[in-house]
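Structure record follows, encoded as structure tokens.
2 protein chains.
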Amino acid sequence: MLAGVGEEAGDLGEFELIKRLLARVGPLVADVLIGPGDDAAAVRLGPGATLATSDLLLEGVHFEFGLSSPADVGWKALAVNLSDIAAMGGAPRYALVSLGAPAAVPVATLEALYDGIGECAGSFGVSVIGGDTVRADRVIVSVAVLGEAGHAGMVTRSGARPGDVLCVTGSVGGAAEGLSLLQAAGDDPQAAGLLTQFPGLAVAHQRPTPRTREGQTAAGCGATAMIDVSDGLAADVCHICEASGVGVEIREASIPLPDGFRDTARWAGVDPLRMALDGGDDYELAIAIPAAQVSQLVEALAPTVVTPIGEFVGSERVAVRADGTREPLDALGWDHFKEEP
Amino acid sequence: MLAGVGEEAGDLGEFELIKRLLARVGPLVADVLIGPGDDAAAVRLGPGATLATSDLLLEGVHFEFGLSSPADVGWKALAVNLSDIAAMGGAPRYALVSLGAPAAVPVATLEALYDGIGECAGSFGVSVIGGDTVRADRVIVSVAVLGEAGHAGMVTRSGARPGDVLCVTGSVGGAAEGLSLLQAAGDDPQAAGLLTQFPGLAVAHQRPTPRTREGQTAAGCGATAMIDVSDGLAADVCHICEASGVGVEIREASIPLPDGFRDTARWAGVDPLRMALDGGDDYELAIAIPAAQVSQLVEALAPTVVTPIGEFVGSERVAVRADGTREPLDALGWDHFKEEP
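Chains F and R, in that order, give the protein sequences.
Here this note's numbering is used: the first residue of the first sequence is 373, the next is one more, and so on.
Here this note's numbering is used: the first residue of the second sequence is 373, the next is one more, and so on.
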């Protein structure tokens with residue numbers, strides 16, 4: 373019998389499986405005093421505040437193996453947590469990964485998933501310090517990340533003031549469009565064509581880039597509030613408005629859109645402004661910053677593009693269309709309980 | 373319409389649901405700089421090492437609502453993580469809780485589950501600092517806990533030496549027997565009778581007590597290795613043996629058993645020694661400690677009973693029956709992938 377060919381998770385048992393998987397996620401750093409394999413991990417953290425966040429990703433709800441490779445799923449499971457630390461202006465350091473999987477899943481699939489986790493961890497200087505594996509009827513990835521507050525202090529959602537400029541890193545709306553195209557591509561040659569012509573849209577869904585450097589830098593430039601765009605630009609900016617007790621005006625014409633955005637919105641028959649405001653899962657940073665600091669921010673974040681797209685105001689929350697029409701910003705972002713996936 | 377009657381998770385939406393649930397888990401302590409509601413939580417931890425652990429509990433695999441109340445499930449989801457911190461000799465401080473649930477689950481069920489988390493958190497001085505809720509086809513509770521290493525330093529699994537005494541807190545085997553009785557009680561009047569006569573067996577399964585004080589105290593008394601009994605006494609002591617490169621002799625006659633243990637083993641038709649060695653989920657501490665320190669440990673842990681049950685030796689791993697028969701200790705503890713639940 374050939375070792376490793378066709379092996380399933382159930383052939384290995386819990387301890388052997390977790391050992392095999394954790395071997396894929398790269399070496400531990402010196403600050404890891406006790407790594408995986410004991411009752412708990414032990415790490416050293418800086419003297420400042422410790423940041424902590426966790427996310428639970430489920431097959432069939434947050435990802436489909438038909439639309440993302442196992443390595444993409446692993447990358448994204450860690451990336452979305454790093455994005456939360458980035459949105460506080462902090463530096464991610466350590467991750468705990470709990471995995472649920474059916475016994476019949478090929479070990480190679482899980483190894484590829486952990487390769488993706490390892491790739492993301494390596495790219496952003498994070499060590500995977502522990503884990504848990506359990507039998508489940510679908511793949512479940514639960515990640516918790518610990519980080520250190522940045523030297524410039526923590527940036528919450530609650531510090532935006534009227535007059536502050538709203539900026540966003542990269543571009544938004546691409547992840548939602550990429551997902552729609554991936555879901556349709558099997559039956560719809562036009563969708564398949566758009567995916568080929570604009571490969572960045574699929575990548576935006578499958579491998580979001582957590583903006584960890586950008587978050588720390590923005591904190592240093594005087595950002596007053598920050599959030600990562602996970603529920604959709606409108607919903608997430610409204611979270612800042614609620615926490616800060618302010619309003620916002622977003623200029624449609626200024627929103628940075630990825631290549632192929634308008635073609636895809638046309639294919640989907642969706643108002644491009646709605647798609648840009650409501651498409652979630654981009655993991656870009658929405659940043660509130662005093663107007664006087666914007667040019668410094670733009671310079672400091674290069675080569676990452678950061679774009680001023682509006683202004684915080686007294687209380688009204690509106691989007692201003694290119695033709696000057698003003699539309700109320702409804703918080704229509706993704707809601708895990710109310711909407712169907 | 374009566375507010376709150378018959379409400380389901382899907383009626384509330386993600387943000388309202390998590391707000392309602394986190395309101396049940398008690399006040400935050402001063403060291404929580406940023407609690408739930410921002411991208412990440414921020415806490416202060418002591419200057420020593422930070423301990424971190426996580427566990428993923430699934431309905432149908434780790435718990436059944438027919439056998440445990442929602443509050444029991446919440447208690448246990450946190451308790452098993454506190455137990456891991458205890459087994460390092462550390463003090464648990466903060467918890468992140470991610471919840472998956474079907475939209476049709478009554479909000480009251482989830483609130484009761486969080487009441488159980490809050491009750492456990494309050495009993496052991498832990499603050500719930502963050503959370504995530506997602507839609508799932510069954511209830512999933514994923515908990516990560518941060519703690520501080522104790523003043524006496526961390527106790528891993530790898531420090532046991534030949535000659536050290538093996539001690540165990542409380543009693544073992546009760547949780548597995550309690551689960552068997554609970555599973556059978558509907559159809560089997562004898563099982564139901566045993567549950568009534570020996571209520572501690574159900575409690576051992578439903579509401580295990582994490583030994584956080586005992587773990588820190590044992591570290592101070594000079595424990596050389598420690599583990600919590602989650603997979604079963606034999607399997608967990610074998611984990612110490614593997615990590616420490618030693619063997620062990622466990623004396624059957626010394627193993628502390630709960631009230632009703634032998635009656636239940638007889639009812640189940642199981643060899644009581646097997647049941648005591650292989651029944652997992654007790655969350656007692658197995659402690660290796662030099663012989664000269666045992667009496668100090670017994671005194672310091674009171675009123676919790678701690679019992680010497682054997683000795684670490686060169687390499688052999690055996691259980692010695694009351695009649696002197698020696699049997700190899702197979703690591704037959706619960707394996708999440710190889711065994712059916």
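Every residue, glycine too, gets a C-beta built ideally from N, C-alpha and C.
Source: prediction; values computed, not measured.
Item, Value
"Contacting residues, own chain, Cβ-Cβ under 6 Å from Glu688/R (five flanking each side not counted)", "Gly619"
"Near-chain R residues of the stretch 439-469 of chain F (beta-carbon distance less than 9 Å), N- to C-terminal order", "Asn453, Ser455, Asp456, Ile457, Ala458, Ala459, Met460, Gly462, Tyr466, Leu468, Val469"
"Simplified DSSP state of Pro662/R, which is helix, strand or coil", "coil"
"Asp504/F in three-state terms, based on DSSP", "strand"
"Simplified DSSP state of Ala726/R, which is helix, strand or coil", "In this structure chain R extends from 373 to 713, so residue 726/R is not present and cannot be described."
"Cross-chain neighbours of Pro419/F in chain R, by beta carbon under 8 Å", "Pro419"
"contact_flag[the stretch 511-518 of chain F, the stretch 620-636 of chain F] where n(CB pairs < 8 Å) is 3 or more", "no"
"Closest residue to Ala459/F among Met647/F, Ala597/F, Gln668/F (Cα-Cα distance)", "Ala597/F"
"Inter-residue spacing [alpha-carbon to alpha-carbon] between Val415/R and Thr528/R", "25 Å"
"Distance between Leu428/F and Asp383/F (C-alpha atoms, nearest Å)", "26 Å"
"Run of the alpha helix (DSSP H) containing Arg533/F, from where it starts to where it stops", "Premise fails: Arg533/F is in no alpha helix (DSSP H) and is neither H nor E."
"Beta strand (DSSP E) runs contained entirely in the stretch 458-498 of chain R, provided each spans 3 or more residues", "463-473"
"Chain-ordered residues of the stretch 405-432 of chain F with a beta carbon less than 9 Å from chain R", "Leu405, Ile406, Gly409, Asp410, Asp411, Ala412, Ala413, Ala414, Val415, Arg416, Leu417, Pro419, Gly420, Ala421, Thr422, Leu423, Ala424, Thr425, Ser426, Asp427, Leu428, Leu429, Leu430, Gly432"
"Neighbour list for Val678/R in chain F, Cβ cutoff strictly below 8 Å", "Chain F residues near Val678/R: none, gap ~18 Å exceeds 8 Å."
"Residue-chain proximity (Thr584/F, chain R), Cβ-Cβ < 8 Å", "no"
"Residues of the stretch 593-607 of chain F whose Cβ lies closer than 7 Å to any Cβ of chain R, in chain order", "Ile599, Asp600"
"Beta strand (DSSP E) runs contained entirely in the stretch 529-604 of chain R, provided each spans 3 or more residues", "537-541, 597-600"
"Expected contact under 8 Å - CB spacing of Ile457/F and Leu423/F to nearest Å", "5 Å"
"Same chain only: Cβ atoms within 6 Å of Asp702/R, ignoring 5 sequence neighbours per side", "none"
"Burial state of His577/F (16 or more Cβ within 10 Å)", "buried"
"From Ala591/R, Val642/R, Ala615/R, residue whose alpha carbon lies closest to that of Ser552/R", "Val642/R"
"Endpoints, alpha helix (DSSP H) assigned at Thr636/R", "633-640"
"C-alpha distance - Val540/F paired with Arg510/R, whole-angstrom precision", "37 Å"
"is_contact[Val506/F, chain R] using C-beta, thresh 8 Å", "yes"
"Proximal residues, the stretch 527-548 of chain R versus chain F, C-beta separation under 7 Å", "Thr528, Arg529"
"Assumed close pair Met526/R, Ile501/F - CB separation to whole angstroms, cut-off 8 Å", "In fact, because the Cβ distance is near 14 Å, the residues do not count as touching under 8 Å."
"Chain-ordered neighbours of Leu393/F on chain R, where CB pairs are closer than 7 Å", "Chain R residues near Leu393/F: none, gap ~12 Å exceeds 7 Å."
"Pairwise C-alpha distance: Gly462/F and Gly418/R", "19 Å"
"Segment contact, 8 Å Cβ cut-off, at least three pairs: the stretch 556-575 of chain F with the stretch 489-499 of chain F", "no"
"Among Leu430/R, Ala413/R, Pro571/R, Ser543/R, the one whose alpha carbon lies nearest that of Asp600/R", "Ser543/R"
"Rounded straight-line distance, which links the Cα of Gly494/F to that of Arg392/R", "37 Å"
"Cβ-Cβ distance between Arg623/R and Ile681/R below 8 Å", "yes"
"Distance cut-off 7 Å: Gln562/R Cβ against heavy atoms of the ligand ADP", "Among the ligands in the structure shown, none appear at all, so the ligand ADP cannot be discussed."
"Neighbour flag for Gly472/F against chain R, beta carbons, 8 Å", "yes"
"Range covered by the beta strand (DSSP E) that runs through Asp427/R", "422-430"
"Interface flag, Ser499/F vs chain R, CB-CB below 8 Å", "no"
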